[in-house]
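In the working numbering, the protein residues as written are 173 to 637.
Every residue gets a Cβ at the ideal spot worked out from N, C-alpha and C, and that includes glycine.
Following: one structure in structure tokens, then a few remarks.
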């Protein structure tokens, strides 16, 4: 065997992800809100980009090829490019949303739980040292209104006795909302029991000693221990459910509220479903005429021209990627709407099973492209607001040879449970038997899985006496 060095020539194929392709992929998987943020960032970084007010029709613009190192210039003739393309004319628009509204209608911030309690504490007329203890305790509450520190810790941190700290805690527990500043769920419910002046000794006993058994649905066991009838236990449990286990959650911070902007809008017009890509909030982009003039006339030095051409290249690729995203979203949405017409007409029970491969084969796109196009996107329809991933679900086989979507099966299970006799609730096996009688091949385990996913309790916990 002879070893040595030699020069050989061969051809190979490689898949190279260019920077332009990375931009296109990134833009495709952005939601409408994220796209607006991304465009705003690009407007800051790229001086060639400019926002045009009003509707603008983008022309088919091709990106610039990279300049060769030897020639130090791009392949495209920008002067000829600008002459052929022309400049989009910005239409003057009038802001019709601007109205003379009084500033009293605007609230800067919604009071949170701590502000609400500190205001009540200021009205309690406590000495300075006790007020400091109350402030420390209030600021130690979590979002649900439960105390997250011990009384001993509060006493040490504030330099008071444990008895004083306990007394101030009792004062705070008398504030609104009822049940606030409790150390556990039992104390929270007992505070509400006292403040709301509930006259039911059986309910008080249940709160003090049997919350665990009630959570597990063991009402018969509790009734035997207390020597009372099941209807009495059921009545007390119904009254218990009226109490608030998390008194602080109605003061949740408004910043945590998530507002969804639909990426697609589907409307029914004259019996036909029309799809609109909701990109109104995204700014319309064009090229800055000043920099275009510099490239056209060649008045800038070679380094500046090279910089401007690279920025022009990035700007055109960005605009093209946005148009590509719009077209891809429309293709995917069009297939979903056409395939799920029965869902839009009759409801969720008629939702058909669908996978990414179905859309990819019908639209000529790759499965990964469909996945990115449907990721974190929402569609507003006459039936409500849905995430695009909602329409992609597995299914179970039907006796007629077709398949039924898992979401449709969940809807049927919920309807069966809503119509059941509360004293004799349907078991998972009974529900499976009913669905099999309707031609659906489903097991008891699958019924239990779907029931858990929809947040429905088991038959033992749904039973009423």
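Separation of residue j from residue i, as counted between CA atoms
{"i": "residue 417", "j": "residue 322", "result": "20 Å"}
{"i": "residue 586", "j": "residue 513", "result": "23 Å"}
{"i": "residue 229", "j": "residue 319", "result": "Bear in mind that the predicted position of residue 229 carries a pLDDT of just 49, short of 50, making it too unreliable to give a figure here."}
{"i": "residue 622", "j": "residue 582", "result": "6 Å"}
{"i": "residue 608", "j": "residue 569", "result": "10 Å"}
{"i": "residue 423", "j": "residue 519", "result": "35 Å"}
{"i": "residue 332", "j": "residue 341", "result": "13 Å"}
{"i": "residue 218", "j": "residue 348", "result": "53 Å"}
{"i": "residue 186", "j": "residue 193", "result": "15 Å"}
{"i": "residue 231", "j": "residue 433", "result": "Interpretation of residue 231 is limited by its pLDDT of 41, a score under 50 that renders its predicted location unreliable; the figure taken from the coordinates is listed afterwards. Computed Cα separation, rounded: 27 Å."}
{"i": "residue 523", "j": "residue 508", "result": "11 Å"}
{"i": "residue 411", "j": "residue 209", "result": "49 Å"}
{"i": "residue 589", "j": "residue 392", "result": "22 Å"}
{"i": "residue 544", "j": "residue 534", "result": "16 Å"}
{"i": "residue 376", "j": "residue 633", "result": "21 Å"}
{"i": "residue 397", "j": "residue 361", "result": "21 Å"}
{"i": "residue 500", "j": "residue 525", "result": "21 Å"}
{"i": "residue 175", "j": "residue 464", "result": "59 Å"}
{"i": "residue 268", "j": "residue 414", "result": "For residue 268, the predicted model reports a pLDDT of 44, less than 50, meaning its position is unreliable; a value from the coordinates is still stated below. Cα to Cα, residue 268 sits roughly 47 Å from residue 414."}
{"i": "residue 237", "j": "residue 492", "result": "Its pLDDT being 42, under 50, residue 237 is placed unreliably by the model, and the measurement read from it follows with that caveat. Roughly 14 Å between the two C-alpha positions."}
{"i": "residue 382", "j": "residue 532", "result": "55 Å"}
{"i": "residue 473", "j": "residue 488", "result": "22 Å"}
{"i": "residue 214", "j": "residue 461", "result": "17 Å"}
{"i": "residue 481", "j": "residue 456", "result": "21 Å"}
{"i": "residue 369", "j": "residue 363", "result": "10 Å"}
{"i": "residue 178", "j": "residue 469", "result": "52 Å"}
{"i": "residue 305", "j": "residue 620", "result": "50 Å"}
{"i": "residue 624", "j": "residue 479", "result": "59 Å"}
{"i": "residue 233", "j": "residue 181", "result": "Confidence in residue 233 is poor, its pLDDT being 42 and thus under 50, which makes the residue's placement too unreliable to answer from."}
{"i": "residue 440", "j": "residue 626", "result": "29 Å"}
{"i": "residue 559", "j": "residue 546", "result": "8 Å"}
{"i": "residue 399", "j": "residue 315", "result": "39 Å"}
Residue nearest to residue i in terms of C-alpha spacing, selected from the options
{"i": "residue 435", "options": "548, 522 and 209", "result": "548"}
{"i": "residue 431", "options": "193, 183 and 204", "result": "204"}
{"i": "residue 496", "options": "449, 402 and 296", "result": "449"}
{"i": "residue 502", "options": "360, 551, 303 and 330", "result": "551"}
{"i": "residue 510", "options": "184, 444, 398 and 631", "result": "444"}
{"i": "residue 628", "options": "577, 216, 296 and 597", "result": "597"}
{"i": "residue 566", "options": "190, 580 and 557", "result": "580"}
{"i": "residue 458", "options": "522, 494, 440 and 564", "result": "494"}
{"i": "residue 617", "options": "601, 175 and 302", "result": "601"}
{"i": "residue 301", "options": "577, 455, 330 and 180", "result": "330"}
{"i": "residue 191", "options": "620, 369, 486 and 440", "result": "486"}
{"i": "residue 564", "options": "584, 530, 481 and 304", "result": "530"}
{"i": "residue 308", "options": "315, 325 and 316", "result": "325"}
{"i": "residue 202", "options": "619, 498 and 584", "result": "498"}
{"i": "residue 373", "options": "578, 404, 177 and 184", "result": "404"}
{"i": "residue 611", "options": "591, 576, 620 and 626", "result": "576"}
{"i": "residue 303", "options": "317, 339 and 316", "result": "339"}
CB contact flag (residue i, residue j, <9 Å)
{"i": "residue 353", "j": "residue 337", "result": "no"}
{"i": "residue 285", "j": "residue 420", "result": "yes"}
{"i": "residue 604", "j": "residue 594", "result": "no"}
{"i": "residue 379", "j": "residue 355", "result": "no"}
{"i": "residue 345", "j": "residue 636", "result": "no"}
{"i": "residue 195", "j": "residue 490", "result": "yes"}
{"i": "residue 553", "j": "residue 438", "result": "yes"}
{"i": "residue 384", "j": "residue 367", "result": "no"}
{"i": "residue 484", "j": "residue 220", "result": "yes"}
{"i": "residue 199", "j": "residue 207", "result": "yes"}
{"i": "residue 291", "j": "residue 299", "result": "no"}
{"i": "residue 296", "j": "residue 334", "result": "no"}
{"i": "residue 313", "j": "residue 289", "result": "yes"}
{"i": "residue 599", "j": "residue 578", "result": "no"}
Supposed contact pair residue j and residue i - C-beta distance, whole angstroms, cut 8 Å
{"i": "residue 408", "j": "residue 401", "result": "Contact flag wrong, Cβ pair sits at about 11 Å."}
{"i": "residue 516", "j": "residue 555", "result": "6 Å"}
{"i": "residue 539", "j": "residue 557", "result": "The Cβ separation is near 25 Å, so there is no contact."}
{"i": "residue 211", "j": "residue 454", "result": "6 Å"}
{"i": "residue 504", "j": "residue 452", "result": "With 8 Å as the limit, residue 504 and residue 452 do not qualify as a contact, their Cβ atoms being about 19 Å apart."}
{"i": "residue 447", "j": "residue 506", "result": "6 Å"}
{"i": "residue 584", "j": "residue 521", "result": "6 Å"}
Any C-beta of chain B under 9 Å from that of residue i
{"i": "residue 496", "result": "Of the chains in the structure shown, none is chain B; there is only one protein chain."}
Ordered list of alpha helix (DSSP H) runs contained in the region 385-445, each at least 4 residues: 391-398 and 402-412
Ignoring anything shorter than 4 residues or poking outside the region 313-389, list the alpha helix (DSSP H) runs there in chain order. 323-330, 334-345, 357-367, 373-381 and 383-387
Whole beta strand (DSSP E) elements within the region 500-543, 3-residue minimum: none
Fully enclosed by the region 550-630, which beta strand (DSSP E) runs are 3 residues long or longer? 550-553, 556-559, 567-569 and 575-577
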